[in-house]
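Enquirer: Heads up, the sequence shown is in this note's numbering, so the first residue is -8 and it goes up one at a time.
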Amino acid sequence: MSVVAIGPRQHPPGRANRVRVVRPRTTPTLTITVDLAAGSMSPRLNRLLELLGEIAESGEGRLSPGDVAGRATVDDPNSVRISIGPRTVRHGDRKIPLTRIEYDLLLFLAERPRRVFTRLQLLSSVWGYDHAVARTVDVHVRRLRAKLGADTPLLTTVHGVGYRLADDARVTIEP
């Protein structure tokens, strides 16, 4: 079961470079309860849970324990769990040995689903510099795909632009 409490927006939409101020909510909230049946979720339900997670991450809502972040706790062989504290990645029940850059690249894209990043943006954000050859990103993406296996399409190439997390990627980020 997933429960999300969402208050009204605190900032008008469209204000560029705004500073997010977290204030205690004194206004009414909306609580959404989603009963998750055993088995696989439909793409629409998965998308709804992702959106609710994004709302919570933005500070506009709050997720209760055991909800969106815990939905992939069922042993799904295609799920990928990224543990931030120990910097580990598990694919199903096996641990995937990743280099520092591979881990950072995967985490960066997983934290920003449905956004496409150019090679130069990835070099700047993940590597911390943008004076390397842009094809360096291609090499790391290829190695990451090889380590995760062909049965787990996690990273999508957007031809002529760059890379993003696949729409149907089952990725859970754990503290």
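All C-beta atoms, glycine included, are put in the ideal place defined by N, C-alpha and C.
Would V149 be called buried (16 or more neighbouring beta carbons within 10 Å of its own) or exposed?
Expert: exposed
Enquirer: Between the beta-carbon of V162 and the beta-carbon of T109, is there less than 8 Å?
Expert: no
Enquirer: Less than 8 Å between the beta carbons of E165 and P104, yes or no?
Expert: no
Enquirer: If you pair each beta-carbon of the stretch 85 to 96 with each one of the stretch 126 to 141, do three or more pairs fall below 8 Å?
Expert: yes
Enquirer: Given this structure, state the Cα-to-Cα distance separating P88 from V80, to the nearest angstrom.
Expert: 7 Å
Enquirer: By Cβ distance below 6 Å, which residues in the same chain neighbour A160 in space, the five residues on each side in sequence not counted?
Expert: L145
Enquirer: Are the CB atoms of L97 and I73 nearer to each other than 8 Å?
Expert: yes
Enquirer: Can you tell me the Cα-Cα spacing of L39 and L156, whole angstroms?
Expert: 17 Å
Enquirer: Taking 8 Å as the CB-CB cut-off, is I73 touching chain B?
Expert: Here chain B cannot be found, since the structure has a single protein chain.
Enquirer: Here's the rule: buried if 16 or more other CB atoms are within 10 angstroms of the residue's CB, otherwise exposed. What is G76?
Expert: Exposed.
Enquirer: Starting from the Cα of I102, find the closest Cα among G140, R35, G44, N69 and give me that residue.
Expert: According to the sequence as given, residue 102 is Glu; it is not Ile. When only C-alpha atoms are compared, the closest one is G44.
Enquirer: Quick one: residues in its chain with C-beta nearer than 8 Å to the C-beta of T147, no 5 flanking neighbours on either side, listed in chain order?
Expert: Y154, R155, L156, A157, D158
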